[in-house]
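Residue numbers (the numbering used here), protein chains in the order written: chain A, 230 to 465; chain B, 230 to 465.
Protein chains: 2
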Amino acid sequence: MAALGLRYNLVKGPAGERAKKRLIEAGLELFGRYSFDGVSTRVLADRADVNLAAIQYYFGSKEGLYQAVASHIVKKVKRWLRPALSEVERKLEEDSLTGEQCFSLLCNLLDRLTTKLLGSPDSKKWVAMVVREQIEPTDAFEILYEGLMKPIDLCLFRLVGGILGLGPQDQETKLRAYAIKGQLIIFHVSRAELKRSLNWQAYRSEELKAIRSIILDHVRAILRMPSIERGHDTIG
Amino acid sequence: MAALGLRYNLVKGPAGERAKKRLIEAGLELFGRYSFDGVSTRVLADRADVNLAAIQYYFGSKEGLYQAVASHIVKKVKRWLRPALSEVERKLEEDSLTGEQCFSLLCNLLDRLTTKLLGSPDSKKWVAMVVREQIEPTDAFEILYEGLMKPIDLCLFRLVGGILGLGPQDQETKLRAYAIKGQLIIFHVSRAELKRSLNWQAYRSEELKAIRSIILDHVRAILRMPSIERGHDTIG
DNA sequence: GTCTATAGTCGGATAGAC
DNA sequence: GTCTATCCGACTATAGAC
Chain A
230 MAALGLRYNL VKGPAGERAK KRLIEAGLEL FGRYSFDGVS TRVLADRADV
280 NLAAIQYYFG SKEGLYQAVA SHIVKKVKRW LRPALSEVER KLEEDSLTGE
330 QCFSLLCNLL DRLTTKLLGS PDSKKWVAMV VREQIEPTDA FEILYEGLMK
380 PIDLCLFRLV GGILGLGPQD QETKLRAYAI KGQLIIFHVS RAELKRSLNW
430 QAYRSEELKA IRSIILDHVR AILRMPSIER GHDTIG
Chain B
230 MAALGLRYNL VKGPAGERAK KRLIEAGLEL FGRYSFDGVS TRVLADRADV
280 NLAAIQYYFG SKEGLYQAVA SHIVKKVKRW LRPALSEVER KLEEDSLTGE
330 QCFSLLCNLL DRLTTKLLGS PDSKKWVAMV VREQIEPTDA FEILYEGLMK
380 PIDLCLFRLV GGILGLGPQD QETKLRAYAI KGQLIIFHVS RAELKRSLNW
430 QAYRSEELKA IRSIILDHVR AILRMPSIER GHDTIG
């Protein structure tokens, strides 16, 4: 993907804003599901209910639209994630927290991530795009990594490190944090497989509760935090 | 470049098998990385060093080749996974195993999976295809699910259930087993991110050892098995 | 069985009317 | 800014020579 550019930043009238917005929404919907090559400009324009030429006009090219979608994802996800991340960062800088305090913050963050990642219908669209970019990164990977994954990772590393009594850049800290993240991601990525296996129709609040409860229990065990009684209350 | 007809007999029978084999290899390589739509028949034929028309001749269509690649994956993965799975199934049917025995079998299986999934260069190709099929399933999903994921899942469920004292179809069993699987998968899927974060060049034996050790430690903690000795290397 | 040539379609991108 | 008409290259698939 060649670096084409910032032409979509050109100032256009208010009507143009609508077209841009709708194209980005269509891209978010379709690129994630069908991949960049799997969706044509005609289908994009059709879904966005704008003219075919609008893609070139506003984003320079199909690739420009794709990257604009990536930027949109970052902006959108940050909107609901920033409060949680800022809170953690603020507390981390106030004073050195105890392991228990870090753990409590971690649980809170994971809870929020789980709910959004699995519960929100939007998440399906953009996580798919992130996963595709992980398989075969394009220019959009940089946008997604710097704006989205890196901040989350950093926060997780500091909390997990705080619990383990290790630095946030310590290899063990990072590996354990990734493993924890994996337990969350799997329920998104293997959604089709899991629903089939468990005869679930969708992730509703019942199912989300069961998943959250399992994840928290595991995280507690992994980080050797004093465990509450093993939950059989997870059966929803 | 056309093959010079030095030995007319060589051009006939076995040559077809060679073309099929090479096309499947090319498909395995390219479909996983670039998606179905991301790779053209021309590129496939070129990479396979066969004629363009060979795809239609041997597989009916590009889609036929894609499904043949899926079947190939199942066959190939089963070849190295079957021994491990059969062994577990045999032992499970012999007599009711203790939790410790189940745990030992589980560690062994996870170890084998980790090594192959993260260490083998081939795995990168086919896991990518499986992940893409999870995002947006096509007809190939059925092939991959029935032949590959289901057998692995079943085995995991029985072992995890055996350790927890629950049935293999119990919801808690399945959720915990999935969470465990997630810890493994994440190191494959987020490979790019992780390498960047840890300054790793690749997954070499050093790095694999670190990952394996973390995963086993976590599984032990999750399933409340006594951590007698760190490392308990089952297989290299 | 293998390969070339090509048919028929669809892709991204553009020119120019309004 | 918006939209229609269109260019042209790339795509899958096929027909038929060898």
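The C-beta atom is built at its ideal place from N, Cα and C for all residues, glycine as well.
- Contact check for Leu252(A) against Tyr286(A) fails: the beta carbons are separated by 8 Å or more.
- Neighbours of Pro397(B) in chain A, taken as residues whose beta carbon is under 9 Å from its own, are absent, since the nearest beta carbon is some 11 Å off.
- The residue from Glu246(A), Ala282(A), Tyr432(A), Glu329(A) with its alpha-carbon nearest to that of Arg271(A) is Ala282(A).
- In terms of CA proximity to Gly391(B), Gly328(B) leads the group Gly245(B), Gly328(B), Glu258(B), Phe265(B).
- Listed in chain order, the alpha helix (DSSP H) elements of length 4 or more contained wholly in the region 374–441 of chain A are 379–393, 400–418, 420–427.
- In the DSSP assignment, Met358(B) falls within the unbroken alpha helix (DSSP H) covering 350–364.
- Closer than 8 Å to the CB of Gln412(A) there is at least one CB belonging to chain B.
- Ser426(B) and Asp324(B) have their C-alpha atoms roughly 46 Å apart.
- The beta carbon of Gly256(A) is closer than 7 Å to those of Leu273, Leu294, Tyr295, Val298 in its chain, skipping five residues each way along the sequence.
- The beta carbon of Ile409(A) is closer than 6 Å to those of Val448 in its chain, skipping five residues each way along the sequence.
- With contact defined as three or more Cβ pairs closer than 8 Å, the region 434–445 of chain A and the region 334–345 of chain A are in contact.
- Of all residues in the region 350–369 of chain A, those with a C-beta nearer than 8 Å to a C-beta of chain B are Ala357, Val360, Arg361, Gln363, Ile364, Glu365, Pro366, reading in chain order.
- Counting only residues of its own chain and dropping the five nearest sequence neighbours on each side, Leu347(A) has a CB closer than 7 Å to the CB of Phe416, His417, Tyr432, Leu437, Ile440.
- Taking the Cα positions, Val356(B) is about 25 Å away from Asp351(A).
- Between Ala450(B) and Ala450(A) a beta carbon distance of about 4 Å is seen, short of the 8 Å cut, so the two are scored as contacting.
- Interface criterion met: the Cβ of Arg262(A) is under 8 Å from a Cβ in chain B.
- Note on Ser434(A): under 16 other CB atoms within 10 angstroms of its CB, so exposed under the neighbour-count rule.
- Within its own chain, the residues whose Cβ lies closer than 8 Å to the Cβ of Leu423(A), once the five positions on either side in sequence are excluded, are Phe416, Trp429, listed in chain order.
- Distance between Trp309(A) and Lys320(A), taken at the CA atoms: about 18 Å.
- Residue Gln363(A) holds the alpha-carbon nearest to the alpha-carbon of Tyr263(B) among Lys304(A), Arg311(A), Gln363(A), Leu259(A).
- Annotated three-state conformation of Asp340(A) is helix, per DSSP.
- Taking the Cα of Pro380(A) as reference, the smallest distance to any Cα among Val306(A), Lys353(A), Leu393(A) is reached at Val306(A).
- Of the candidates Leu413(A), Phe260(A), Val360(A), Leu413(A) places its Cα closest to the Cα of Thr343(A).
- For the set Tyr374(A), Ala421(A), Ser419(A), the Cα lying nearest the Cα of Arg420(B) is the one of Tyr374(A).
- 8 Å or more divides the Cβ of Ser290(B) from the Cβ of Ile372(B).
- With a threshold of 16 other beta carbon atoms within 10 Å, Glu258(A) meets it and is buried.
- Arg308(A): member of the alpha helix (DSSP H) spanning 291–323, first to last residue.
- Ranked by Cα distance from Val303(A), the first of Ala244(A), Glu318(A), Met358(A) is Met358(A).
- The distance from the Cβ of Arg405(B) to that of Pro397(B) is about 12 Å, inconsistent with a contact at the 8 Å cut-off.
- In this structure, the CA atom of Pro312(A) is about 10 Å from the CA atom of Glu318(A).
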